[in-house]
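Numbering (this note's numbering), first residue to last: 799 to 1729. Remarks on the structure that follows.
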């Protein structure tokens, strides 16, 4: 165990230096800082220590004033022992020196705790802050304004639910929470909402640097563009072509792998205290499992965003963002957005298309007689062809099936304003080869578009990205109309003009399925209309693989099995071998494998916070006698504590490691005398070795060993030395291995036919069919009468008509259809006071008649925009009041202190708003109900 002095010199000093502190410069760091606690006692001190306290370290600002106190303890002692001592030093320094309260740290060298006294509880951090970090923390703590009074920029995010979500996060920040989760349907403006939140936090002095994490480059570029549009004066990273991290920006947008590389970079890493807010886009457990190290590394408040519906979010995601009992900080669902008046998102229709081969498979029974004759002429056996429908685009591809899907799409798709070409469309395909086949068919069927109608967009194609790239063309140009995607366009890409989605593949993840549907949910922006899409009432989904049926039967989709990382498996097998060798008293094998085990441990990334976090436990491995005899206790420690850490290993040759793992497994089977397992593993390894191409000069040097290792005699006499030779000489060559290609996909061009084509009921429903049909009837009747009715012609020309003419028109309409009455029109068009002439003008497109629900919703939306300081509860009350007025069509003052308003506060409106605000709300409701 290192004593406190050694801990300070060997560990803490080094970690301070890593944070940019010069421990030998008394203008930066003072060790054994003298704090006078009682000046009277000092004057009459019986000893030189009386009335004094001595802090292990005090970090000074550029002005020479104390910024932080560090209390050090022995390396194997719990750092929390120094907690109260450090707190006392901070308060005593402030009492003696005045000024700001220093920040509090206590550590045993390995574990560092940061305590922002009076603001947050102590928190484990993964490094000391730089001087700039501490001065920024102090400035923010001293100058930040109350968030309750901070206005929200409605030009960035002005919808009522966006304002409510920002307010919910800001209130949670003021309650000292550090993690938040927003669940908002795709298309509801999560990015804009976050930008408005960032804007408010920066103006209020709560944040100076923000990191926005995304999972793909296309989303990074899209997010950077959004920040550029709405916060143009805030410096952003990265600029075009910029690779290295810069430290002089305010907005950082990064993919997870890029930021993980940054924090693991020993030379150009960022301080764990660099950011004031991290936003995690599409935060769910799968991302956390791989890249959670980023969130653990930075000491900051964290906001998670997801479009996954709350009922299917993994409970671990709620746990990660500290949301109790599955309740996010704020949620706004697809159903709420679609059913809002007016709607915030587009609804969709689903058409199921299933071909005969998909339903019944491809076999002699289903192939047409004509195609069977052609097969016989080609010398092929019809009886040998037997595929299930689910094999299509896996082990078999049929051009006729793909052609049928394309033709049905071209017939059923929502078209552009000219009614000829489909509007913007995404085809979701199974594989890149499948996507290319679809592209070829589009080009073959529609050569007049010169190969521009449909394009394959996949993430590993560099032509997709950047200005003028395929994605940019699809978003901003007339052509291509159809983007054929394999994974890349499943999530996050915003193209408001999308009106068709084609599922040409099965999907098994419910989260991914809704993300894919979300590509089409955005409505058009009136100020950014494009000629190829001027109207979007809803969008069409062509489901060619029964996905909607699958998710009705399996609402949560298929569970994904997580695999154990290869370095972890290798370490575990090696431990098993050591344990068996010790049991057999084979000291040479134990010694050999322990040496390799220690080499594996030495490959752990030193700068990974997972490893830094485990340093106090890993110290045990440095003890002289740990490796002498691996007792059961030590093996358990290696298995339970050390083995899981191997998941952080990434910068290795995994093909070589896989071969080493296979050899280790076969040697363990030999040691355990498991003959059947040994034979099976041996055959698998011989196959791997046989795939090494001897035509490569590097491999040819080991030709003798390669040939020998494929003989039974070699394996019958194999020793540990031979196994080591295989690993040493052949493992590095595995990267050249030419995997024997599986038998190619069977390719046919049989005529397929439609087995089923029907609309599927799925998703939120709008108006009842009877109401929709009634409106259609009225509008058709009026439009048919225009050519022959002079009164309607006058209205069409913008002229006014007399009351007698209006009465005459009512009679004509009644004669045409007895159910066309003002009362029915008022109910169907949701307008309580409009007259017949107003409805006619609305139908003729002369004067748009806003429905009562639209009038109420718009008025409340404007009210919220003008009062962005309202709290989350006040916004909830207004939403309830809006729904009450729309539903009841009336309101008296007494209602406001009765149920349902008393659910939010026992006193109803009086417990939620101030008298002046109540007066404003009552005036608003009176105006609406008088309209």
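We put the beta carbon where it would ideally sit given N, CA and C, even for glycine.
- The straight-line gap separating the alpha-carbon atoms of residue 827 and residue 818 is approximately 11 angstroms.
- Residue 981 is a Cβ neighbour of residue 1104, given a cutoff of 8 angstroms.
- Residue environment analysis places residue 1327 among the exposed positions, since fewer than 16 neighbouring C-beta atoms fall within 10 angstroms of its C-beta.
- Spanning the alpha carbons of residue 1335 and residue 1295 requires a straight line of approximately 11 angstroms.
- Here residue 1079 is near residue 1011, since their CB atoms are less than 8 angstroms apart.
- Taking C-beta atoms as the reference points, residue 1706 and residue 1694 count as a pair closer than 8 angstroms.
- Boundaries of the alpha helix (DSSP H) harbouring residue 1612: 1601-1614, taken from the DSSP string.
- In this structure, 1016 is the residue among 1130, 1016 and 1576 with its C-alpha nearest to the C-alpha of residue 1262.
- Between residue 858 and residue 885, the gap from beta carbon to beta carbon reaches 8 angstroms or more.
- Residue 1228 carries a coil assignment under DSSP once its states are collapsed to helix, strand and coil.
- Contact annotation, residue 963 with residue 1130: C-beta distance approximately 7 angstroms; criterion of less than 8 angstroms satisfied.
- Sequence-distant partners of residue 1460 (beyond 5 residues in either direction) whose C-beta falls short of 6 angstroms from its own C-beta, in its chain, are 1483.
- Between the C-alpha atoms of residue 1278 and residue 1252 there is a straight-line separation of about 5 angstroms.
- Counting the other Cβ atoms within 10 Å of the Cβ of residue 1601 gives fewer than 16, which makes it exposed.
- Residue state for residue 915 is assigned as coil, using DSSP reduced to three classes.
- Membership of residue 1620 in the alpha helix (DSSP H) is indicated by the continuous run 1620-1626.
- Taking C-alpha positions only, residue 1183 is separated from residue 1173 by approximately 10 angstroms.
- A Cβ-Cβ separation of about 34 angstroms leaves residue 1606 out of contact with residue 1139 under the 8 angstroms criterion.
- Annotation for residue 1252: the continuous beta strand (DSSP E) segment containing it runs 1252-1255.
- Straight-line spacing of the CA atoms in residue 1165 and residue 1180 works out to 9 angstroms.
- Separation of residue 1006 and residue 1048 (C-alpha to C-alpha, rounded to the nearest whole angstrom) is 6 angstroms.
- Per DSSP, the continuous beta strand (DSSP E) segment holding residue 851 begins and ends at 850-858.
- Residue 1045 and residue 992 have their C-alpha atoms roughly 22 angstroms apart.
- For residue 1470, the secondary structure class from DSSP, reduced to helix, strand or coil, is coil.
- Ranking 872, 1523 and 1053 by CA distance to the CA of residue 1089 puts 1053 first.
- Assignment of alpha helix (DSSP H) within the stretch 1387-1418, counting only whole runs of 4 or more residues, yields 1407-1411 and 1413-1416 in chain order.
- In the DSSP annotation of this structure, the continuous segment of the beta strand (DSSP E) that includes residue 1546 starts and ends at 1544-1546.
- Cα atoms of residue 1462 and residue 1434: separation of roughly 20 angstroms, rounded to the nearest angstrom.
- Three or more pairs of CB atoms, one per stretch, sit closer than 8 angstroms, so the stretch 1338-1349 contacts the stretch 1142-1155.
- If you draw a 10 Å sphere on the C-beta of residue 862, you find fewer than 16 other C-beta atoms in it, and that means exposed.
- Around the beta carbon of residue 1688, a 10 Å sphere encloses fewer than 16 other beta carbons of the protein chains shown; the residue is thus reported as exposed.
- Under the three-state reduction of DSSP output, residue 1244 falls in the coil class, being neither helix nor strand.
- Per the coordinates, the alpha-carbon of residue 1188 lies some 22 angstroms from the alpha-carbon of residue 1224.
- Per the Cβ contact rule, the stretch 958-975 is not in contact with the stretch 1305-1318 (fewer than 3 Cβ pairs under 8 angstroms).
- When beta bridges are read from the DSSP output, residue 1507 appears opposite no residue.
- Going by C-alpha positions, residue 966 is about 25 angstroms away from residue 1026.
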